[in-house]
Amino acid sequence: KNGQVNVGSNNDPDNELSVDGSANVTGNVGIGTSSPQSNLHVSGTNDEEWIDIRSGQNDTSGIRLRERLTSEYGVNLFFDGDGNRFIMDGVDNSGTYYDNPFTFTRNDGNVGINTVSPSYQLEVDGDAAKPSGSSWTVTSDARLKKNVSSYKDGLSDIMKIDPVNFQYNKQSGFDAEEKHVGVIAQELKEVAPYMVGTYEKDGEEYYSMNNSAMTYMLINAVQQLEQKNQEQQQVNKQLRAQNKKLKQEISRIKEALQKEGVNLN
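Quick note: to get this note's numbering, add 9 to the position in the sequence shown (first position is 1).
As structure tokens, then:
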């Protein structure tokens, strides 16, 4: 009708080609091109072209990529309408999702790896690697800094920090089996409140920790220990000199007494 085609329905077509149900096509399909180069080839003449996939309700829409016709192995890329999240998740041969999603949250731009509810711009639930082995590079040019002042926290503060072994509980949403070494944020807050922050998750406020300052606290602690060591070495040097002087004085006294005929044995 009017140059429009409807397949699988007697209703008037809404588009140039409307398919109600499934369509099985052998060969390549082209949209906007008469010479498709792939199974599905979409081409346009404008600067911006879109493939629009929508769900019927406020639910999930996406794309499934599978290994082959007889396998469920693959990847799902979908938008979770309820959570405003774009998620990429692996699928095994039984159709079960692997528990290692990649998530982008639409509302705040947060990215999560192995978590579907990232609270930071980048949140990784688990480990991460920097294969070169070097530390992360940060801007440190004096020309780009202001309000510079000496950082004094050191040995006395380090001595108040209590490292612990722990595991996350199920409420955290992290791996509850893996063992970790760290500190308790509430305890660290009493020593170095500037290392402790807060974030909100599922309507609840939790403590977080940024321990980047810990490196410089340790540097100060080492410098303070070195200063104490130098002071102790100076005291020891003075004591050795005094001891040597006393020995010399005792030796002179012994010689004088022996000259007077005093038997010191």
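Glycine included, C-beta positions come from ideal geometry on N, C-alpha and C.
Segments of 3+ residues assigned as beta strand (DSSP E) that fall wholly inside the stretch 27–56: 38–40, 49–51
Continuous alpha helix (DSSP H) stretch holding Asn229: start and end: 221–268
Cβ pair Asp171, Met226 closer than 8 Å: no
Close-in-space but distant-in-sequence residues of the same chain around Leu266 (CB under 7 Å, 5 per side omitted): Leu273
Continuous beta strand (DSSP E) assignments of at least 3 residues falling wholly in the stretch 97–146: 111–114, 120–122, 131–133
Spatial distance of Ser181 from Asn123 (CA atoms): 13 Å
Per DSSP, cross-strand counterpart(s) of Arg63: According to DSSP, which records beta bridges pairwise, Arg63 is partnered with nothing at all.
Proximity below 8 Å, CB of Asn116 to CB of Asn93: yes
Between the CA atoms of Gly104 and Ala138 - distance to the nearest angstrom: 29 Å
Rounded Cβ spacing between Val16 and Ser27 (contact assumed at less than 8 Å): 7 Å
Unbroken beta strand (DSSP E) run spanning Leu74, endpoints: 69–75
The stretch 210–220 in contact with the stretch 237–246 per 3-pair CB rule at 8 Å: no
Inter-residue spacing [alpha-carbon to alpha-carbon] between Asn229 and Asp166: 10 Å
Asp89 (DSSP reduced to helix, strand or coil): strand
Glu214 versus Tyr208 - alpha carbon distance: 6 Å
Local conformation of Val173 per DSSP, three classes: strand
Val190, enclosing alpha helix (DSSP H) - first and last residue: From DSSP, Val190 is part of no alpha helix (DSSP H) but of the beta strand (DSSP E) over 189–191.
Check whether Ile96 and Val125 have beta carbons under 8 Å apart: yes
Residue interval of the alpha helix (DSSP H) (run including Lys210): Where Lys210 is concerned, there is no enclosing alpha helix (DSSP H), although the beta strand (DSSP E) it sits in stretches over 205–210.
Of the listed residues Ser158, Gly53, Phe175, nearest to Val192 (C-alpha basis): Phe175
Close beta carbons around Ser70, own chain, < 7 Å, minus the five adjacent residues each side: Ile62, Arg63, Ser64, Phe87, Phe88
Local conformation of Val157 per DSSP, three classes: coil
Ser149 (DSSP reduced to helix, strand or coil): coil
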